[in-house]
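One structure is given here, and the rest of the page talks about it.
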Amino acid sequence: MIEVTLQKVFPGFTLDVAWVAGDEVVTLFGPSGAGKSLTLQCLAGLTRPDAARIVVNGRVFDDTAEGVHLPPQARRLGYVFQDYALFPHLSVAENVAFGLRGQPAAERRRRTTEVLAQLGLEEFAARDPRELSGGQQQRVALGRAIAPDPAVLLLDEPLSALDAPLRRQLGGELRSLIVGLRRTVVLVTHDLAEAYQLGDRLVLYEGGRVVQAGPKAEVLGRPASESVARLIGLRNVVRGAVLKASSDRIEIAWRGQTVEAVNSPTAPFIAAPGTPIAFMVRPEHVRLIRKDRASLDPTHHMNFLRGEVVESIDHGTSWTLLFRIAAPGPASQGAYDLEIEVPHLVYEILDIARDRQWDVSMHRGALQVLAGV
Amino acid sequence: MPEAATTALWLSVRVSVLATLADALVGIPLAYLLAKRRFWGRQALDVLVTLPLVLPPTVTGYYLIVLLGRRGWLGGPLYALTGWSLPFTWYAAVVAAAVMALPLLVRPARAAIESVNPDLERAAFVLGRPEWRTALEVTLPLARRGIVAGLVLAFARALGEFGATLMLAGNIPGRTTTVPLAIYTAVSTGEAAEARVLVLVLTTLSCAVVVLASRWGSRL
Numbered sequence: 395m396i397e398v399t400l401q402k403v404f405p406g407f408t409l410d411v412a413w414v415a416g417d418e419v420v421t422l423f424g425p426s427g428a429g430k431s432l433t434l435q436c437l438a439g440l441t442r443p444d445a446a447r448i449v450v451n452g453r454v455f456d457d458t459a460e461g462v463h464l465p466p467q468a469r470r471l472g473y474v475f476q477d478y479a480l481f482p483h484l485s486v487a488e489n490v491a492f493g494l495r496g497q498p499a500a501e502r503r504r505r506t507t508e509v510l511a512q513l514g515l516e517e518f519a520a521r522d523p524r525e526l527s528g529g530q531q532q533r534v535a536l537g538r539a540i541a542p543d544p545a546v547l548l549l550d551e552p553l554s555a556l557d558a559p560l561r562r563q564l565g566g567e568l569r570s571l572i573v574g575l576r577r578t579v580v581l582v583t584h585d586l587a588e589a590y591q592l593g594d595r596l597v598l599y600e601g602g603r604v605v606q607a608g609p610k611a612e613v614l615g616r617p618a619s620e621s622v623a624r625l626i627g628l629r630n631v632v633r634g635a636v637l638k639a640s641s642d643r644i645e646i647a648w649r650g651q652t653v654e655a656v657n658s659p660t661a662p663f664i665a666a667p668g669t670p671i672a673f674m675v676r677p678e679h680v681r682l683i684r685k686d687r688a689s690l691d692p693t694h695h696m697n698f699l700r701g702e703v704v705e706s707i708d709h710g711t712s713w714t715l716l717f718r719i720a721a722p723g724p725a726s727q728g729a730y731d732l733e734i735e736v737p738h739l740v741y742e743i744l745d746i747a748r749d750r751q752w753d754v755s756m757h758r759g760a761l762q763v764l765a766g767v
Numbered sequence: 005m006p007e008a009a010t011t012a013l014w015l016s017v018r019v020s021v022l023a024t025l026a027d028a029l030v031g032i033p034l035a036y037l038l039a040k041r042r043f044w045g046r047q048a049l050d051v052l053v054t055l056p057l058v059l060p061p062t063v064t065g066y067y068l069i070v071l072l073g074r075r076g077w078l079g080g081p082l083y084a085l086t087g088w089s090l091p092f093t094w095y096a097a098v099v100a101a102a103v104m105a106l107p108l109l110v111r112p113a114r115a116a117i118e119s120v121n122p123d124l125e126r127a128a129f130v131l132g133r134p135e136w137r138t139a140l141e142v143t144l145p146l147a148r149r150g151i152v153a154g155l156v157l158a159f160a161r162a163l164g165e166f167g168a169t170l171m172l173a174g175n176i177p178g179r180t181t182t183v184p185l186a187i188y189t190a191v192s193t194g195e196a197a198e199a200r201v202l203v204l205v206l207t208t209l210s211c212a213v214v215v216l217a218s219r220w221g222s223r224l
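So the protein sequences, as listed, match chains D and C.
Position in the first sequence (from 1) plus 394 gives the number in this note's numbering.
Position in the second sequence (from 1) plus 4 gives the number in this note's numbering.
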């Protein structure tokens with residue numbers, strides 16, 4: 395359990411964040427320079443915040459109002475540095491044992507052996523860490539951090555030093571390892587895939603502030619605002635204007651068409667006609683209408699749009715179609731209005747490579763209205 | 005080898021070893037301080053340590069007399085208190101050599117300490133080590149090549165020290181005449197044979213130090 399409230403002012407940048415997390419994996423995600431790594435350094439006591447209250451499992455690490463600021467040595471947390479920061483003059487086993495000082499020698503040996511075994515590093519115990527591969531070095535860094543059994547484990551960009559194929563594979567291993575600790579794990583990443591793969595809870599950083607925090611499914615499914623939707627890389631975030639808003643439906647004028655969305659049941663977006671509004675639709679929720687089926691089923695085919703596939707991108711198992719609505723004026727997303735994702739098989743059956751003119755539909759429940767234009 | 009030459013050689017070795025030890029005790033913490041801490045007077049301290057490198061040795065020797073002589077700022081009270089003064093003892097040769105050699109240790113040692121990845125030190129802090137233990141267990145071991153290089157340079161400089169030694173310790177045969185001073189005396193009194201022997205000995209000794217140090221250094 396961790397509670398964080400932090401403020402630190404620099405010329406031209408202010409960090410001002412607050413979030414809480416239980417015994418779970420929290421991912422601080424955001425662009426470079428958003429203040430994520432700085433937060434980690436403040437948690438570890440390596441940087442002194444201007445004002446802070448940090449409480450871990452009831453232990454107060456920082457409380458500026460009470461004049462409390464524990465030095466890093468007294469916090470007893472684990473920190474995995476971005477470049478691992480393994481001691482090059484010590485063996486793998488000595489690195490892992492480094493934080494066990496003060497314990498009896500026998501206990502130190504037992505714990506070192508245990509951690510090395512847990513991470514599959516027994517055969518490297520006597521080796522120089524610089525001789526190991528990137529993935530092995532990461533495990534040594536992790537072993538060194540968890541050996542003293544810290545209350546909280548901090549990881550700074552844990553996978554960024556590795557190359558792509560290895561990153562995917564080790565991401566899975568890392569995830570099961572840190573989940574197995576049953577501790578609060580705070581990790582920082584600017585890589586969206588990494589954030590989703592490793593975390594249970596997402597804390598989104600932008601410009602020194604937290605723009606949204608919550609379980610990852612919630613953040614992903616219900617972005618709090620247009621900027622959050624863009625930050626987490628959601629596609630098809632577009633803007634229109636309100637035509638008519640009621641508590642359960644909202645009609646939007648967009649690219650010369652009228653589209654209908656379900657209004658948010660918890661916090662309906664009620665605004666006067668003409669108010670700018672952002673909404674999004676997931677690319678797999680835009681449906682192509684087959685030309686070999688005779689009549690349109692209006693209950694099935696809501697938000698009907700006519701247009702052209704201007705470009706198609708092959709992803710191996712699926713295709714992304716860039717679709718432009720047949721309407722005058724500039725398209726919503728540069729050269730196109732919507733991204734549509736179709737499985738490879740559908741792409742071939744419908745012969746999209748040759749046939750570029752299509753009608754599409756979007757169920758109103760698939761359109762999600764976003765606050766904050 | 006004439007007896008005077010042997011005496012000078014042993015004196016030189018003893019003075020250089022002691023001066024290097026003194027430099028290690030003072031210079032390594034000083035290099036750490038200059039590398040890691042921001043304090044008032046840091047720049048001045050840096051200049052002060054470096055001065056013997058750029059000043060003529062006789063000028064450094066003069067300042068040492070002003071500081072440590074019988075009527076000096078420190079030497080005066082010392083003489084008043086104990087009746088003992090430093091100049092013209094073999095300790096004066098150690099002090100002169102140590103001061104002249106100090107910048108040759110401090111500068112490379114400081115550069116080596118500064119080049120240690122600060123994340124390694126932070127890692128040690130997080131793992132519970134206070135700063136002084138981190139310095140002993142992480143920073144200094146990782147800066148060892150630079151420190152050893154500095155110690156070798158300092159020893160070699162101490163072995164060849166002439167000007168400041170002459171000013172502070174004088175040239176008293178059997179007491180403060182180190183090898184460089186003995187060579188000067190031999191040449192100026194026309195004892196060419198003795199000068200030749202001492203020059204050869206000093207050259208050999210200096211070469212041996214450099215070779216041994218580089219062999220040892222490559223294993224660090």
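The C-beta atom is built at its ideal place from N, Cα and C for all residues, glycine as well.
If you're wondering where the values come from, they're calculated on a predicted model, not measured in any experiment.
Where residue i falls, given that 16 or more other Cβ within 10 Å makes a residue buried
| i | result |
| --- | --- |
| K638 of chain D | exposed |
| Q563 of chain D | exposed |
| D749 of chain D | exposed |
| V215 of chain C | exposed |
| D731 of chain D | buried |
| A459 of chain D | exposed |
| Q677 of chain D | In the sequence as presented, Gln is not what sits at residue 677 of chain D; that position holds Pro. P677 of chain D is buried by the Cβ-count criterion. |
| L140 of chain C | exposed |
| P627 of chain D | The question names Pro, but residue 627 of chain D in the sequence shown is Gly. So G627 of chain D counts as exposed. |
| Q751 of chain D | exposed |
| Y713 of chain D | Note on residue identity: the sequence assigns Trp, not Tyr, to residue 713 of chain D. Result: buried. |
| T62 of chain C | exposed |
| N451 of chain D | exposed |
| F407 of chain D | exposed |
| V403 of chain D | exposed |
| G493 of chain D | buried |
| P552 of chain D | buried |
Beta carbon of residue i nearer than 9 Å to that of residue j
| i | j | result |
| --- | --- | --- |
| L682 of chain D | L744 of chain D | yes |
| G174 of chain C | P56 of chain C | no |
| L761 of chain D | E735 of chain D | no |
| G150 of chain C | A186 of chain C | no |
| G439 of chain D | D457 of chain D | no |
| G668 of chain D | V636 of chain D | yes |
| V546 of chain D | I396 of chain D | yes |
| S726 of chain D | R624 of chain D | no |
| T441 of chain D | V398 of chain D | no |
| L131 of chain C | P405 of chain D | no |
| S119 of chain C | A147 of chain C | yes |
| G602 of chain D | D410 of chain D | yes |
| H584 of chain D | K685 of chain D | no |
| A721 of chain D | Q651 of chain D | yes |
| G167 of chain C | G73 of chain C | no |
| M674 of chain D | S755 of chain D | no |
| L109 of chain C | D27 of chain C | yes |
| D550 of chain D | Q606 of chain D | no |
| R700 of chain D | I671 of chain D | no |
| A158 of chain C | A35 of chain C | no |
| W94 of chain C | R179 of chain C | yes |
Whole-Å CB distance - residue i paired with residue j, under 8 Å assumed
| i | j | result |
| --- | --- | --- |
| V509 of chain D | F663 of chain D | Not a contact, Cβ separation roughly 52 Å. |
| G164 of chain C | P177 of chain C | The Cβ separation is near 19 Å, so there is no contact. |
| A97 of chain C | V156 of chain C | Wrong, their Cβ atoms sit about 20 Å apart, outside the cutoff. |
| I644 of chain D | N657 of chain D | 5 Å |
| G537 of chain D | V490 of chain D | 5 Å |
| P112 of chain C | G76 of chain C | No, P112 of chain C and G76 of chain C are not in contact; Cβ-Cβ is about 31 Å, not under 8 Å. |
| F518 of chain D | Q530 of chain D | 7 Å |
| P544 of chain D | R470 of chain D | 6 Å |
| L169 of chain C | A100 of chain C | It should be pointed out that residue 169 of chain C corresponds to Thr in this sequence rather than to Leu. The pair is a contact, with the Cβ atoms about 4 Å apart (cut-off 8 Å). |
| V19 of chain C | A199 of chain C | Incorrect: roughly 20 Å between the Cβ atoms, too far for contact. |
Next item on the list: Report the residues of the stretch 451 to 472 of chain D with a CB closer than 8 Å to any CB of chain E, ordered along the chain.
Entry: Within the model displayed, chain E is absent; protein chains D and C are what it includes.
Check: Could you give the uninterrupted runs of the beta strand (DSSP E) lying entirely in the stretch 679 to 725 of chain D, keeping only those of 3 residues or more?
Finding: 680 to 682, 699 to 708, 712 to 719
Next item on the list: Jot down the residue ranges of each uninterrupted alpha helix (DSSP H) in the stretch 41 to 113 of chain C, minimum 4 residues, whole runs only, in chain order.
Entry: 46 to 58, 61 to 72, 79 to 86
Check: Are the stretch 125 to 141 of chain C and the stretch 69 to 85 of chain C touching by the rule of at least three beta carbon pairs closer than 8 Å?
Finding: Two segments are said to touch when three or more pairs of C-beta atoms, one from each, lie closer than 8 Å; by this definition the stretch 125 to 141 of chain C does not touch the stretch 69 to 85 of chain C.
Note to self: I'd like to know if the stretch 587 to 599 of chain D and the stretch 607 to 618 of chain D are in contact, where contact means that at least 3 CB-CB pairs between them fall below 8 Å.
What the structure shows: yes
Next item on the list: Assess, as a yes-or-no matter, whether the stretch 485 to 502 of chain D is touched by the stretch 519 to 532 of chain D under the definition of 3 or more beta carbon pairs within less than 8 Å.
Entry: yes
Next item on the list: List in chain order: all unbroken beta strand (DSSP E) runs of 3+ residues lying wholly within the stretch 544 to 602 of chain D.
Entry: 546 to 550, 578 to 583, 595 to 600
Margin query: Extract the residue ranges of the alpha helix (DSSP H) inside the stretch 132 to 161 of chain C, only unbroken runs of 4 or more that lie entirely within it.
Written below: Segments of the alpha helix (DSSP H) lying fully in the stretch 132 to 161 of chain C: 135 to 138.
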